[in-house]
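Trainee: Going down the list, the protein sequences come from chains E and W. For the record, in the first sequence the residue sitting at position 74 is 74 according to the UniProt record's numbering, with numbers rising by one throughout. For the record, in the second sequence the residue sitting at position 196 is 196 according to the UniProt record's numbering, with numbers rising by one throughout.
Protein chains: 2
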Amino acid sequence: MTVIKRTELEALPSRYRAQFVNSLSGYKSANLVGSANPQGQPNLALVSSVVHLGADPALLAHVTRPHTVPRHTLENIEATRVYTYNAVTCQMVPQAHHSAAKFAREVSEFENVGLTPEYHPNFAAPAVVESPLSIGMELLELVPIKHNGTLLVIGQICWVKYPQAALHSDGHLDISKLDLTAISGLDHYHSIASVGRLSYPEVEHPPTPLKLDKLP
Amino acid sequence: MTVIKRTELEALPSRYRAQFVNSLSGYKSANLVGSANPQGQPNLALVSSVVHLGADPALLAHVTRPHTVPRHTLENIEATRVYTYNAVTCQMVPQAHHSAAKFAREVSEFENVGLTPEYHPNFAAPAVVESPLSIGMELLELVPIKHNGTLLVIGQICWVKYPQAALHSDGHLDISKLDLTAISGLDHYHSIASVGRLSYPEVEHPPTPLKLDKLP
């Protein structure tokens with residue numbers, strides 16, 4: 001085991017440090033953010049920072065940098081107040097990763113990487129047809145993170161499109177049935193296998209495998 | 001495919017909705033937060049919301065609810081300004097899940113779930129011996145999320161303990177070699193397999209498998 005301290009971390013070359021620090025938080029979800037500008041030009045951006053904030057109201061958030069690739073996405077979100085999260089499957093990884101390239105503003109990442117936009121009724125932001133789990137979001141707040149100029153994009157869920165067959169009887173959506181990928185670091189993709197659910201944590205005894213009334 | 005709308009989501013029973021909404025963000029990292037009160041009483045809490053904020057300065061954050069289990073942890077973090085993140089392996093899952101039970105303030109989760117605290121020099125918060133990846137954190141800011149009363153706990157990395165053998169030549173730490181788990185929803189655990197790294201995304205061509213000078 002190696003221990004690296006803050007001063008040594010700060011002395012690392014910038015790209016090397018970015019690779020290292022990005023690896024430390026553990027596995028990250030892979031989501032494509034779908035958005036459109038007020039003229040309807042669609043845009044797609046890969047994010048690995050979607051985080052659950054709460055279920056009532058149903059809130060999700062992601063982190064964005066103001067001056068890099070997702071800027072078009074951020075402008076679209078600010079202008080239209082809506083966007084989608086689309087879970088990335090292992091099969092979609094090459095296209096999703098490609099969408100992170102610095103495409104020009106007038107270029108649709110959908111077209112260029114080979115993914116298909118679809119529109120839900122009365123919702124201006126495109127979803128991704130190829131994704132098995134899409135979420136329509138409405139912007140609530142952009143929270144500035146003063147320490148490094150990033151922004152926390154907080155939104156409320158408007159709608160969710162998901163495969164009914166993956167739903168457990170207690171409301172848990174079994175994403176291990178959707179072939180979703182997980183990211184680590186900046187560019188490392190992973191496949192996933194379920195090792196099971198555990199019972200509600202109780203002080204008196206260790207958790208046991210969860211038994212549900214009926215599983216799909 | 002099923003589409004559920006906000007009004008239907010809001011009408012769901014509270015526990016069912018919590019299960020469902022918690023499943024939507026995709027795979028989540030599993031980290032144990034180690035902390036201690038000013039008298040040195042250690043505490044451990046499982047979080048699935050650690051997110052990378054930036055590499056320079058090296059910032060990580062997690063979401064916490066003010067009035068639930070991690071409250072002891074939050075009090076400790078506010079009092080001592082330091083804490084640790086400890087990545088959870090598949091083998092540690094039963095203990096990690098158990099640590100989420102509502103243990104009394106004076107009870108050490110370490111002792112009760114069967115994990116071992118260790119202390120780094122001049123650092124008041126305990127790390128978890130059994131974890132292959134521990135990060136010492138210093139509190140920078142607690143950002144209140146006004147929409148639901150949660151808090152974003154932002155900290156800067158003080159030190160990282162990791163296995164040198166998992167480090168790629170470009171700084172990427174290959175966590176797929178550490179047997180880490182990923183969580184989905186509230187209680188579903190997963191094992192992970194690498195499907196490979198991809199080249200830096202360029203507009204002109206799809207990404208290709210990443211070739212490094214030397215891999216460990």
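Beta carbons: idealized from backbone N, C-alpha and C, even for Gly.
S25/E touches chain W at which residues, Cβ-Cβ below 7 Å?
Mentor: Those within 7 Å of S25/E in chain W are S29, V50, V51, H52, L60.
Trainee: Expressed to the nearest angstrom, what Euclidean distance is found between the alpha-carbon atoms of A96/E and V33/E?
Mentor: Those two C-alpha atoms are separated by around 10 Å.
Trainee: Under three-state DSSP, which class holds S194/E?
Mentor: Reduced to three states, the DSSP call for S194/E is strand.
Trainee: Could you pull the DSSP bridge partners for M137/W from this structure?
Mentor: Looking at the DSSP assignment, M137/W forms a beta bridge with Y83/W, I157/W.
Trainee: Alpha carbon to alpha carbon, how far is T80/E from N22/E? Give it in angstroms, no decimals.
Mentor: Answer to the nearest angstrom: the Cα atoms are 30 Å apart.
Trainee: Counting only beta-carbon atoms, is L142/E nearer than 8 Å to chain W?
Mentor: Closer than 8 Å: no.
Trainee: Just verifying my parser: in three-state terms, what is the DSSP assignment at H52/E?
Mentor: Three-state result, H52/E: strand.
Trainee: I want to verify the contact list: residues of chain E whose CB lies under 8 Å from the CB of E118/W, in sequence order.
Mentor: Neighbours of E118/W on chain E: none; closest Cβ ~11 Å, over 8 Å.
Trainee: Going along the chain, which residues of its own chain have a beta-carbon closer than 8 Å to the beta-carbon of L140/W, five neighbours each way excluded?
Mentor: L59, I154, G155, Q156, listed in sequence order.
Trainee: Considering just the uninterrupted stretch of the beta strand (DSSP E) at residue 240/E, what are its terminal residues?
Mentor: This structure cannot settle anything about residue 240/E, because the visible part of chain E is limited to 1 through 216.
Trainee: What residues in its chain sit with their C-beta under 6 Å from that of F110/E, if we drop five residues either side in the sequence?
Mentor: P42, L44, P117.
Trainee: Would you grab the beta carbon distance between Y27/E and Y27/W for me? Rounded to a whole angstrom, and I think it's under 8 Å.
Mentor: Contact flag correct, Cβ pair sits at about 5 Å.
Trainee: Mind checking whether T181/W and H190/W have CB atoms under 8 Å apart?
Mentor: Cβ distance < 8 Å, so T181/W and H190/W count as in contact.
Trainee: What's the gap between the Cα of V128/W and the Cα of P121/W?
Mentor: The alpha-carbon atoms of V128/W and P121/W are separated by roughly 15 Å.
Trainee: From H205/W to H98/E, what distance separates their C-alpha atoms?
Mentor: In a straight line, the C-alpha of H205/W is about 8 Å away from that of H98/E.
Trainee: Among the candidates H147/W, D56/W, S35/W, T7/W, whose CA atom is the shortest distance from the CA of L12/E?
Mentor: The candidate whose alpha carbon is nearest that of L12/E is D56/W.
Trainee: Out of G54/E, Y83/E, Q39/E, S25/E, which one is the CA nearest neighbour of S14/W?
Mentor: Nearest C-alpha to S14/W: G54/E.
Trainee: Have a look at S134/W and A193/W and give me their C-alpha separation to the nearest angstrom.
Mentor: S134/W and A193/W: Cα-Cα distance of roughly 21 Å.
Trainee: At 9 Å on the CB atoms, spell out the chain E contacts of T2/W, in chain order.
Mentor: Within 9 Å Cβ-Cβ: V160, K161, Y162, P163, Q164, L167.
Trainee: Listed in chain order, which residues of the region 194-211 of chain E have Cβ atoms closer than 7 Å to some Cβ of chain W?
Mentor: The region 194-211 of chain E vs chain W, Cβ under 7 Å: S194, V195, G196, R197, L198, P201, E202, V203, P206, P207, L210.
Trainee: Suppose you measure from the CA of P94/E to the CA of P207/W; what does that come to, to the nearest Å?
Mentor: One C-alpha to the other measures close to 6 Å.
Trainee: What are the boundary residues of the beta strand (DSSP E) that S184/W is part of?
Mentor: 182-184 is the extent of the beta strand (DSSP E) around S184/W.
Trainee: Since T2/W is in the beta strand (DSSP E), which residue starts that stretch and which ends it?
Mentor: It spans 2-5 - the beta strand (DSSP E) in which T2/W sits, taken as one unbroken run.
Trainee: Helix, strand or coil: which one does DSSP assign to L44/W?
Mentor: L44/W: strand per DSSP, three-state reduction.
Trainee: What is the residue span of the alpha helix (DSSP H) that H62/W lies within?
Mentor: Counting along the chain, H62/W falls outside any alpha helix (DSSP H), though it belongs to the beta strand (DSSP E) covering 58-64.
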